[in-house]
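K.L.:
Protein chains in written order, with our numbering: chain X, 1 to 340; chain U, 1001 to 1522.
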C-alpha cells in the first residue's frame, strides 16, 4: 500500500514537469473555441512545434501568472478583452512585442500604442432591434438609448459581464465620468427588465416581446442565425443589426479585440514569436472568420458571409488600453447608477 | 501513538491549513472593513440577496426532502424502491448545468413556452415572463439540493425505530401529529446538518447565480478580486464568509451535541410500519421533486444530445470521459485512504491532533472553490521561492491537493458514523488477542466498515466528477474534463453542444449513486 501511494505521488509530480523539450509553446488562454483548436493543429503540422494550452477566465489566468512569477511556464497570454491585456501589461506580466512579428497588415487602430499586445480578431458591441416594433430611423447612437422614448424597451445583460464593463469604460473615455454616469442612469431607467442572462437571451427577449432594443455582441447574432433549433433561428431573424455612432460627427461603433501578449518570463520565446506570426498570417486569419463570426484584424481578410450581410461599419478609434484603464471607474458607475 | 502516526496527522493538518494561511498572510495589508464601509449599499444588497436565496432554497429543499422521506419510510407502494432511488438522483446533476438547462427550458424559445404557444395559445401570454429571477434560481437550487435533506431524513427516520411510534400511537396521536410531535423533533439534528450542507452549496454557487444575474456574497468576492483588482478586499471578504460559515458550523455542532437522542438499535421503521397508500398527496410530494430535480432537465439534455448527435466528436468525448473518471477515481481513493487513517487514529487514540483535523476538515468546504484554488497557487509559489525549487502549479499533485481539502468533509461523515457504531470492546478484544495497529486496521476496521468506505469513496467521486472552478484554474496543460468542457460551451452560449458532456457526467454519477443506494440498502 505504502509503495502504491509513493508511486502515485511521484507520477503526479512528474507529470507536471515533463515538458523540458524545446519544440513547445505554452498558452494561457481565455479563448476556447473550436477554431482555436484548428489553428493550433495546423500550426503543429506546419512547424512541428507543440502547442500546450491552459484555458480559464482571463482574471484567473492573470492571477495565476502573477503568483507564478518567474516560475511561470506560460509563453503567451490570450484574452478576449483588451482591458484584460492592459491589466496584465500594467501588472508587469507581459514583455514588449518583438520586432520579429509582422504587423504590417493589421488595422492600425487595433494596435497597442505601448507595444505589449497584438490583436487577433475583433467583435463589435452592436444594437439589435425588433423588426416589428422599431423603425431603423429611430436608432442613432449608444448615447441616444438613454432618451425617454426608449422607456421600458431596452435590454442588456448584467454589469458583471466583461463586454459591458468594456463598453462603459469606452463611454467614460469618450464622454467623461459624469457623462457616462448620466448615460448609465438613463439606460437603467429605460430597461425592460433588470439585467440578466447572456447576450442570446437579450435577443430572445426581443423576440418574445419583453423589450425592443438590445445591446449585444455581433458574434452571438451569428450563432443564433446558424442554430440547429428552429425557434432560435426565428429569434435571430426577428431582429436586425444596427451599428451605432456611425454619423459623420460620431466616433464609430465600440469594438473589443481578442488579443495576445508574450509573458514576461516566456521560456520558449522564439516559438511564441513563430506562433504569433502564424496566427496573424492571412491563412490563419481566414480560418478565424470562416469558423466563427468574428472580424479579422487583417485589412485584406473579409468576414464570413452572414457577417458581411450586416454591412461595413466604422470602428471607434479609441486607444483600446482605455478599456482596462477605466474598468474600475466603469464598475463604480454601474454600482452608483444601479445597473445590476 | 507512535511518532509516525503523529507526523501523518500533522501533515494532513498542514495540507489543509497552509494554503489558507498563505492566502491570508500574503495579503496582510488588507482591510476588508474599509471596503465594506466604503460601499455599504453593495454589501447590503449582496448580503440581502444571499440571505433571500438561502431562505428559498432551504425552504424548497426541506419541503421536498422531508415529506417524501416520511412517505417513503411510512408507506409501501408500487415502485417504492425506484422512487426512493430517483429521489437521490438530482445529486447527479451539477447545479450549474441545472441552471443553464432551466434557463433554456423556460426561455421564450424553449420547450415550455413553445408548447404553450402551439397547444394552449390562450394561456401562453401569461407565461411569457422573465424567469431569470432570484425566486426561480432559489427553486432550481432547491430542487437540485433537496436530496441532502432527503437522505438525512431517511436515515434518521430509520433510526428512530418503532417503539417511539408505537408509543405515540397508543397515546392517541394520528399519523400527522406523530410526524410533527415525535418524528420531526427527533430528526431535527440530522435535518439541521443537511440544511447546513445545502447552505454551503448555495454560498459556494457561482455559475448559476451569475447566469441568473443574482448578486450574492460570493459573486461580490469575485467582482472585488477580478474587476476591481482589489485582492486584499476580496481575501477579506472571503475571510468574512469563512467566519460566517464556521459560526454556523459551530452552532450546528453545539445544537447536535446538546440534543443527544437515544436511538433504539435494530428497529427499522421501514419494516414495521408499512401502510397501504390511501391518498394521492404523498405520491404527488414524491413525484414533483423527481420531475423538477431530475426528469425535466434530463430529458432536455438527452433531447439536445439527439439533435446534435452528428456534430459530436466521439473520440474526444471518450478522452474527456476517461480524464474525468480516472482523475476522480484517483482523488477519491486518496481522500478515503487518508480519512480512513485519520479516523482510525481518532477512534483508537483520541488524540488532540486527530480532533483538530476533524474540525479543520470542514474548512475547505466553507470557501468558494476558486478562492481555495488561488490560495493553493499562492502557496505553491511561496514554496517554490522559499523551500524547494519545484513548481507545483499546473501539476496533478496540486489539483488533487485542492480536491483533498475541499472534499474531505464529504467523505468524512459516512466513515465517521460507521466507526462510531463500532462497539469499543471489539477492538479491545482484538488487541488482547495480539493484533497490532496494522492488523487491527486490516482485519477489524476494513471488513467492518467496507460499505461505509465504499459509500464515502463514491460520494467523493460524484462530487469530483461535477467539480468545476478548481479544475478550471489548477489543471495541467492540455487537460480537459467533462465539466470544464461543459463550462466552455455554456459560457459561449452554446449549451446544446455541451449536452453530451453533461449527459456523461449525469449517467456516471447516477450509476455511482445507484451503487451507494444498493450497498446501503443491503
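Using N, Cα and C, we set each Cβ at its ideal position, and we do this for glycine too.
Grab the span of the alpha helix (DSSP H) containing residue 1355(U) for me, first residue to last.
P.N.:
1352 to 1360 is the span of the alpha helix (DSSP H), which, as asked, contains residue 1355(U).
K.L.:
I need the boundaries of the alpha helix (DSSP H) containing residue 1057(U), first residue and last residue.
P.N.:
1040 to 1074
K.L.:
Straight-line CA distance for residue 197(X) to residue 1300(U)?
P.N.:
19 Å
K.L.:
For residue 115(X), which residues from the same chain have a beta carbon less than 8 Å from its beta carbon, with the 5 sequence-adjacent residues on both sides left out?
P.N.:
96, 97
K.L.:
What are the residues that DSSP puts in a beta bridge with residue 244(X)?
P.N.:
In the DSSP assignment, residue 244(X) forms no beta bridge with any residue.
K.L.:
So, are the CB atoms of residue 1046(U) and residue 1247(U) less than 7 Å apart?
P.N.:
no
K.L.:
Counting only beta-carbon separations shorter than 7 Å, does residue 1369(U) have a partner in chain X?
P.N.:
It does not; no Cβ of chain X falls within 7 Å.
K.L.:
Using a Cβ-Cβ cutoff of 8 Å, what residues of the stretch 90 to 116 of chain X are near chain U? List them in chain order.
P.N.:
none
K.L.:
Since residue 1381(U) meets chain X, which of its residues come closer than 8 Å, beta carbon to beta carbon?
P.N.:
67, 68, 69, 71
K.L.:
Specify the secondary structure class of residue 50(X) as computed by DSSP and reduced to three states.
P.N.:
strand
K.L.:
Mind checking who residue 967(U) pairs with in its DSSP beta bridge?
P.N.:
The question about residue 967(U) has no answer, for chain U in this structure spans 1001 to 1522.
K.L.:
Check the Cβ of residue 45(X) against every Cβ in chain U and list those closer than 9 Å, keeping chain order.
P.N.:
Within 9 Å of the CB of residue 45(X), no CB atom of chain U is found; the nearest one sits about 17 Å away.
K.L.:
Starting from residue 331(X), find everything on chain U with Cβ-Cβ shorter than 9 Å and list it in chain order.
P.N.:
1223, 1227, 1228
K.L.:
At the level of alpha carbons, what is the spacing between residue 1272(U) and residue 1407(U)?
P.N.:
Confidence in residue 1272(U) is poor, its pLDDT being 46 and thus under 50, which makes the residue's placement unreliable; the coordinate value appears in the next sentence. Cα-Cα distance, rounded: 36 Å.
K.L.:
From residue 310(X) to residue 241(X), what distance separates their C-alpha atoms?
P.N.:
7 Å
K.L.:
For a cutoff of 7 Å on Cβ pairs, would you count residue 1270(U) as touching chain X?
P.N.:
Low confidence applies to residue 1270(U): its pLDDT is 49, below 50, so where it sits in the model is not reliable, and the reading given next is rough at best. For residue 1270(U), the nearest beta carbon of chain X is not closer than 7 Å to its own beta carbon.
K.L.:
Measure from the alpha carbon of residue 223(X) to the alpha carbon of each residue in 174(X), 306(X), 262(X), 162(X), then state which is nearest.
P.N.:
306(X)
K.L.:
Which residue comes first and which comes last in the beta strand (DSSP E) that contains residue 1143(U)?
P.N.:
Per DSSP, residue 1143(U) belongs to no beta strand (DSSP E); it is in the alpha helix (DSSP H), 1134 to 1160.
K.L.:
Could you tell me whether the Cβ of residue 1042(U) comes closer than 7 Å to any Cβ of chain X?
P.N.:
yes
K.L.:
Take residue 1195(U) and list the residues in its own chain whose beta-carbon comes closer than 6 Å to its own, dropping the five residues that flank it on each side.
P.N.:
1058
K.L.:
Which residues in chain X have a C-beta closer than 9 Å to the C-beta of residue 1213(U)? List them in chain order.
P.N.:
157, 158, 160, 194, 195, 196, 197, 340
K.L.:
Any beta carbon of chain U sitting closer than 7 Å to that of residue 208(X)?
P.N.:
yes
K.L.:
Since residue 1377(U) meets chain X, which of its residues come closer than 8 Å, beta carbon to beta carbon?
P.N.:
63, 64, 67, 68
K.L.:
Let me see if you follow: with CB-CB separation under 7 Å, is residue 1107(U) close to chain X or not?
P.N.:
Interface with chain X (7 Å Cβ-Cβ cutoff): residue 1107(U) is included.
K.L.:
In terms of residues, what are the limits of the beta strand (DSSP E) holding residue 1368(U)?
P.N.:
Careful: residue 1368(U) lies outside any beta strand (DSSP E) and carries neither H nor E.
K.L.:
With a threshold of 8 Å, are at least 3 pairs of Cβ atoms found where one atom belongs to the stretch 110 to 128 of chain X and the other to the stretch 176 to 190 of chain X?
P.N.:
Taking a contact to require three or more Cβ pairs closer than 8 Å, the stretch 110 to 128 of chain X and the stretch 176 to 190 of chain X do not qualify as touching.
K.L.:
Pick helix, strand or coil for residue 256(X), following the three-state DSSP scheme.
P.N.:
strand
K.L.:
Could you tell me the boundaries of the alpha helix (DSSP H) in which residue 26(X) lies?
P.N.:
Note, residue 26(X): premise wrong, no alpha helix (DSSP H); beta strand (DSSP E) at 24 to 29.
K.L.:
Along the chain, which unbroken stretches of the alpha helix (DSSP H) at least 4 residues long are found entirely within the stretch 1401 to 1463 of chain U?
P.N.:
1424 to 1432
K.L.:
Thinking C-alpha only, which one of 1471(U), 1025(U), 1240(U) is nearest residue 1401(U)?
P.N.:
1471(U)
K.L.:
Under 7 Å, do residue 239(X) and residue 128(X) count as touching if we go by C-beta distance?
P.N.:
Closer than 7 Å, so yes.
K.L.:
Check the Cβ-Cβ distances between residue 189(X) and every residue of chain U, and say whether any is below 7 Å.
P.N.:
no
K.L.:
Counting pairs of beta carbons, one from the stretch 1493 to 1501 of chain U and one from the stretch 1445 to 1457 of chain U, are three or more of them closer than 8 Å?
P.N.:
no
K.L.:
Report the three-state DSSP secondary structure of residue 1272(U) (helix, strand or coil).
P.N.:
For residue 1272(U), the predicted structure reports a pLDDT of 46, less than 50, and the residue's modelled location is therefore unreliable. A value from the coordinates is still provided. Helix, per DSSP.
K.L.:
Taking all protein chains shown into account, do 16 or more other C-beta atoms lie within 10 angstroms of the C-beta of residue 283(X), making it buried, or fewer, making it exposed?
P.N.:
exposed
K.L.:
What residues of chain X sit near residue 1436(U), judged by a beta carbon separation below 7 Å?
P.N.:
Going along chain X, no residue has its Cβ under 7 Å from residue 1436(U), so there is no contact; the nearest lies around 15 Å.
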